[in-house]
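Just so you know, the protein sequences line up as chains A and B, in that order. In terms of the UniProt record's numbering, the first sequence opens at residue 1 and continues consecutively. In terms of the UniProt record's numbering, the second sequence opens at residue 1 and continues consecutively. Cβ atoms here follow ideal geometry from the backbone N, Cα and C, with glycine treated the same way.
2 protein chains.
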Amino acid sequence: MNDRVYFPKWYLRGIRENPRTSGPLVKKFVNLDVRMYIRFLNWVPAALKMPEQELIQHAGLDSAVYIRIYLLGLKIFVPIALLAFGVLLPINYTGGNFHIMSLSMKDLTYGEIDKFSISNVPPASKRLVAHIIMAYAFTFWTCYILYKEYKIVTDMRLHFLASQSRRPDQFTVLVRNVPSDPDESLSEHVEHFFRVNHPGQYLTHKVVYNANKLAKLVDQKKNLHNRLIYYTNKYERKPSKRPTTKTGFWGLWGKKIDAIDYYTKEIEKLNKEEDAERERVIADPEAVVPAAFVSFRSRWGAAVCAQTQQTRNPTQWLTDWAPEPRDVYWNNLAIPFVSLNVRKLVMTAALFGLIFCFMIPIAIVQTLANIESIEKVLPFLRPLIDRGSTKSLIQGYIPGIVLKIFLLFLPMILMEMSKIEGHVAVSDLEAKSAAKYHLFLLVNVFLGSIVTGTALQQLKEFLNKSPSEIPKTVGVSVPMKATFFITYIMVDGWAGVAAEILRVVPLILYHLKNIFLVKTEKDRDEAMDPGSLQWPITEPRLQLYFLLGLVYSTVTPILLPFIIIFFAFAYLIFRHQIINVYNQKYESAASFWPDVNRRILIGLMISQLALLGLLSTKKAANSTPVLIVLPILTFWFHKVCKNRFESAFRMFPLQDAMIKDTLERATEPQLDLKAYLKDAYTHPVFKGGQVELMEIDDEDDIENHLVATTRSRKGSQAGTTEGSPEDRTGIYAV
Amino acid sequence: MNDRVYFPKWYLRGIRENPRTSGPLVKKFVNLDVRMYIRFLNWVPAALKMPEQELIQHAGLDSAVYIRIYLLGLKIFVPIALLAFGVLLPINYTGGNFHIMSLSMKDLTYGEIDKFSISNVPPASKRLVAHIIMAYAFTFWTCYILYKEYKIVTDMRLHFLASQSRRPDQFTVLVRNVPSDPDESLSEHVEHFFRVNHPGQYLTHKVVYNANKLAKLVDQKKNLHNRLIYYTNKYERKPSKRPTTKTGFWGLWGKKIDAIDYYTKEIEKLNKEEDAERERVIADPEAVVPAAFVSFRSRWGAAVCAQTQQTRNPTQWLTDWAPEPRDVYWNNLAIPFVSLNVRKLVMTAALFGLIFCFMIPIAIVQTLANIESIEKVLPFLRPLIDRGSTKSLIQGYIPGIVLKIFLLFLPMILMEMSKIEGHVAVSDLEAKSAAKYHLFLLVNVFLGSIVTGTALQQLKEFLNKSPSEIPKTVGVSVPMKATFFITYIMVDGWAGVAAEILRVVPLILYHLKNIFLVKTEKDRDEAMDPGSLQWPITEPRLQLYFLLGLVYSTVTPILLPFIIIFFAFAYLIFRHQIINVYNQKYESAASFWPDVNRRILIGLMISQLALLGLLSTKKAANSTPVLIVLPILTFWFHKVCKNRFESAFRMFPLQDAMIKDTLERATEPQLDLKAYLKDAYTHPVFKGGQVELMEIDDEDDIENHLVATTRSRKGSQAGTTEGSPEDRTGIYAV
């Protein structure tokens, strides 16, 4: 029964059959077979068995590299933990600071954990040299592992790209900000420009249309069509009774009418509207957006065009690699260059405001959502609320719930902010919102836990302190918060991973949807869809564990085993999840790795500065010049990594393009590339109307295969273009 | 007589004849003709008369744009001064703070200037709103002018590049870090790589040789040859007596011998050595450096290669535009990629040390160079020193002189540091040392004057202060230092410009050289050479005046007229100098403008932060959020400028390349580009030995026209390759 929740990927691939169980009702919901629970742990060896090469083929490179982050955590922290336990724990334990202190001030109580931490080493002790040496050792080890991992991931990416079969985005470049020309249409202008400036390489292009309204109509029709199928199925099963519906909202009220007739008529009406709108978009020169997908005869030609500047004015004819067709975020294609600068400025200010003032709106909501106002709005709840116990419960929980709700919506808010910034690929959008989320967690969770008070208060405090005071403030609090973070790792980390394998939320949602929403087989498929890994949320959270591990490695090494258990457990579980559950929407070939590497290095630098601050309060003032070298070296290491590897994640080298081109020319000399690229970059809403478009193409000979953009902010529309385009052609063909 | 010092450019161009004056000896050194001194000012209208287009043709775009910086200063500060005098001066003057203060503390004396400054406005006065509004007005005006100027310079540059005639660097790309191949020679490897990956575009290439020793030999021979000519001339004038020389150092001691015979023999000996070395370099595969100049059939092909990544490994086959042949810094071509990263790190640390600890070595030298140690080293000076007056004079002046000498050598030290960083073009080297010098002046002259004490003490103080304290410390001191900076502008700025037009130092040097060193006509030409504008030194100094003007525009506007006079005066004089004196070594087509723009914006931001600090001490605390917006907006404006214009200074757009290629193909269809490029990128030391090289070329058919690099740190060798290559061919042909 729940198989579809735990192994949806296999259903999506059509490998598992729909189980047609029809046992007693109880069995349907509660699994009474005890063996099942034992078998439940079978996935552990299964998840580990699949070799990496097969994993890449099965789940894509993005997922395969994503779980390597957990492995990376193990690689970094297991040797660090061994070293720290061997060297630092005995040194700390025999430090005897608390013995001295407990004699002087009896009231301070220290936990057993603190005996193993640096706090137990008395100030100005010679023992602190060990901590400095260990800081160096841990830094070099972390950098060494990061460098090796970066190299491995780069090789994996390059190998993946090289062995990839032909894809439209290998030949295509996205051109933005095409200047208008008084004598030519946009399409002609694009063609002439590239014919002249990339002679022999230009093949074809597609103009982008603003199909905002059209996309809405198509969405509506899809919905109606789904209902039609539902009622047709119902009628087929019970031919004795024509199904009926009501004309009002969601079929809940209004006049009762024959459902099949009604929806057939409605669809026909929409069909006509859609045709009219489609013709308008094609005919109206105003509907053309100054952007185009330009395709070249070879990968070499596309690589050249993507990497070079076209004209004197760098704000016009901006060329960059076209995102994978599934990855295009159509809504942002029309944003002009000037507006991009302003948008970025505004969003940076907004992010700053969000991070440092995020408690303010929550506090407002919390005061508004108090008992009195609830009673006012929903007076029928009054008798319930007025009972004493309920009242205190609500008053106690509402602030926490409001905060949780806000945190739940935070990734979505950050995603919307990234959308406003104007990135044109979904993968870009996710990378940018991940960066924002990382910053938020760093300030509000890490710093916020260490230095109590809201982020705004912290900022005020920090601005009024000297720069050398900041590491001190953080450093001093670090050892005191070890117990808190151990709890955090267990509650958020371990329990979060356990919830992930049990898929509690999706399980509930799936069953809710099944009961209330699912009407046709297609609906069920959609309800079952597990979505993608959501790495823009999980990856920044994960970085917090790297940060904690690095910060506490020298201070309270006893925390490290908890981190290691988290990484090991999470590695296992996510390996299982990417094999059996998640279904990636697009493939970016691990293009997020530079971000991962950078963020771990940020964590490393924070850990070094915190240690610096801590030791300077330990009256080991001479340690400052020795320790200040570490963050500088780390920053330099970041630069080295960037120079050495990052271009492999941003550019496509000409040599590789040439090799692939030559190979293809030798093996498939008859390949009709133009036909292959014909519909690759067509907006999903135009995929159904190909017949009409073909005719227009034949007429004017310029290949303006219609590509459209919607200006709506709905997002989900482009974001959820899952499945191959062929899937949906069938729907529209009706 | 001094004509050669004041108008050397015309001599270098061969327009002015050598004056053969032979009047009385006194007249030779002291000009007795009073009219000359009146005529002396004639250059002012003459300097202004030349239209800009002609100026560009005469002096190059670099120089023409350089003097626009002074004009930019006028454009920014004249309206700011008018506005400040109209609005701020009356407000400050009637502020009456000093009236109040002088009642309370009689001992404080304020100058008349302070009455016009913001210090005269009492704390928490409403009048301060005017200063805030003015800060906004000045910021917007400065940004507006900067944007307009950036646009003009960009257009000038693009127009200049477009109208430029054919140049070898338009077709050539510098490839560095060519990986070694076991099966092929480096030259073959380069050729095969580019034939495969840039098919149809690759034309030819030149391997770079390490010709360190050879360059030294050529230098020696040049020196001997010069002496030979000197003695031959001497003999021709007085055929009765064969000139003699001595074999020892500089012909000062040793055996007396016949000079012409001796030098002829020596030159022959060197010729043989040189030939042997040349053959060794050509034959020895070890002498080949993993770099090459690759030329393409078209500008389009070169533009594509320069802007794209060639292989997976971004540390190999690094391509970039080849510098102009005169601009190549041969010594750095062989530095491997890994070493570049380390070098940059070390040099950044060294620069930091230099800036913040520059007083330390000077103090050491100052203590070493005291009277006692001078007496020890040079005991014969004792009687002179021991006289009381001399002693105190020396003791008073030595520290100042040591500091002056250090400051004189500073640009050279910074240039050496840039050379170690590994840039391959002289223009790059100059840009980088200018950036270092700017930072040095900012910290040690501006901040150092405002906050007294050495930079290291300042740094310590700043690190112990909170970030919000730093603008306060600076801001409070700013109005107090107005008088000091007015003096500075007059002493350093005005007097410096006056010294520039009088060319005091070059005048003395020229006459000294003429008496002691000049032996032949060629020597005299070299002594006369005025060198280039040295903008890596003058431009950062100039930026100081922008900074002062912007900082004081809201605080003490009375300083602005001094700045304006400086800019106007300097504009006039430098316009004259670039027309009549300086002779640019290379043409970078104003590629330094992004740096100029950035540095002015840095100055603007410093001025905003200083005002912010100042007002926060004036108890106008509410002003902080209003004023903190300004530096953020300025930074954003910098980003906008960068996005909008900078690529025009870094890249060559494909469209422009294509236009020039097409035009050339139409006008000169028979052009033999290969022949044109044959010797363009040949190391100067190989230019003389072309005959031998030609033969080798014919033999192996691969176009390895020899190009060499010297590993010596002499620098001057590549830096002073002035004049066209043909000039020197004649010398070696003897």
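Counting only C-beta atoms, is residue i closer than 8 angstroms to chain B at any point?
{"i": "residue 599 of chain A", "result": "no"}
{"i": "residue 201 of chain A", "result": "no"}
{"i": "residue 439 of chain A", "result": "no"}
{"i": "residue 651 of chain A", "result": "yes"}
{"i": "residue 134 of chain A", "result": "no"}
{"i": "residue 172 of chain A", "result": "no"}
{"i": "residue 176 of chain A", "result": "no"}
{"i": "residue 312 of chain A", "result": "yes"}
DSSP state of residue i, grouped into three classes?
{"i": "residue 288 of chain B", "result": "strand"}
{"i": "residue 558 of chain B", "result": "helix"}
{"i": "residue 204 of chain B", "result": "strand"}
{"i": "residue 313 of chain A", "result": "coil"}
{"i": "residue 295 of chain B", "result": "strand"}
{"i": "residue 679 of chain B", "result": "coil"}
{"i": "residue 196 of chain B", "result": "helix"}
{"i": "residue 348 of chain A", "result": "helix"}
{"i": "residue 661 of chain B", "result": "helix"}
{"i": "residue 610 of chain B", "result": "helix"}
Ordered along the chain, which non-local residues of its own chain (more than five positions away) have a Cβ less than 6 angstroms from that of residue i?
{"i": "residue 298 of chain A", "result": "661"}
{"i": "residue 501 of chain B", "result": "573"}
{"i": "residue 645 of chain A", "result": "150, 154"}
{"i": "residue 421 of chain A", "result": "343, 344, 347"}
So with Cβ pairs under 8 angstroms, would you call residue i a contact of chain A?
{"i": "residue 303 of chain B", "result": "yes"}
{"i": "residue 164 of chain B", "result": "no"}
{"i": "residue 712 of chain B", "result": "In this predicted model, residue 712 of chain B has a pLDDT of only 37, less than 50, meaning its place in the structure is not dependable enough to derive any value."}
{"i": "residue 307 of chain B", "result": "yes"}
{"i": "residue 271 of chain B", "result": "no"}
Leaving out five residues before and five after residue i in sequence, what residues of the same chain have Cβ atoms less than 8 angstroms from its Cβ?
{"i": "residue 677 of chain A", "result": "168, 171, 172, 203, 204, 295"}
{"i": "residue 615 of chain B", "result": "128, 131, 132, 475, 623, 624, 627"}
{"i": "residue 629 of chain A", "result": "none"}
{"i": "residue 60 of chain A", "result": "584, 587"}
For residue i, which of the options has the nearest alpha-carbon?
{"i": "residue 480 of chain A", "options": "A:652, A:114, A:197", "result": "A:114"}
{"i": "residue 741 of chain A", "options": "A:63, A:62, A:84", "result": "Outside the modelled stretch of chain A, which goes from 1 to 734, sits residue 741 of chain A, for which no answer is possible."}
{"i": "residue 584 of chain B", "options": "B:49, B:48, B:56", "result": "B:56"}
{"i": "residue 206 of chain B", "options": "B:409, B:332, B:189", "result": "B:189"}
{"i": "residue 164 of chain A", "options": "A:674, A:671, A:587", "result": "A:587"}
{"i": "residue 121 of chain B", "options": "B:141, B:647, B:89", "result": "B:89"}
{"i": "residue 489 of chain B", "options": "B:313, B:507, B:511, B:445", "result": "B:445"}
Which residues in chain C sit within 7 angstroms of residue i, going by Cβ to Cβ distance?
{"i": "residue 291 of chain B", "result": "Absent from the structure is chain C; the protein chains it does hold are A and B."}
Could you name the residues of the same chain whose beta carbon sits closer than 7 angstroms to that of residue i, not counting the 5 residues immediately before and after it, in chain order?
{"i": "residue 564 of chain B", "result": "74, 77, 78, 81"}
{"i": "residue 307 of chain A", "result": "651"}
{"i": "residue 292 of chain A", "result": "175, 178, 190, 205, 206, 207, 208"}
{"i": "residue 181 of chain A", "result": "189"}
{"i": "residue 432 of chain A", "result": "418, 421, 423"}
- [ ] Mind checking the region 314-343 of chain A against chain B and listing, in chain order, the residues whose C-beta falls within less than 7 angstroms of any C-beta there?
- [x] So the close ones are 314, 315, 341.
Task: Positions along the region 476-498 of chain A whose CB lies within less than 9 angstroms of some CB in chain B - done: Hits within the stretch: zero.
Task: Near-chain A residues of the region 630-648 of chain B (beta-carbon distance less than 9 angstroms), N- to C-terminal order - done: Residues 632, 633, 636, 639, 640, 643, 644, 645, 646, 647, 648.
Open item on the list: Please list, in chain order, the residues of the region 655-677 of chain A that have any C-beta partner in chain B closer than 8 angstroms.
Closed with: Per Cβ criterion, the list reads 655, 656, 658.
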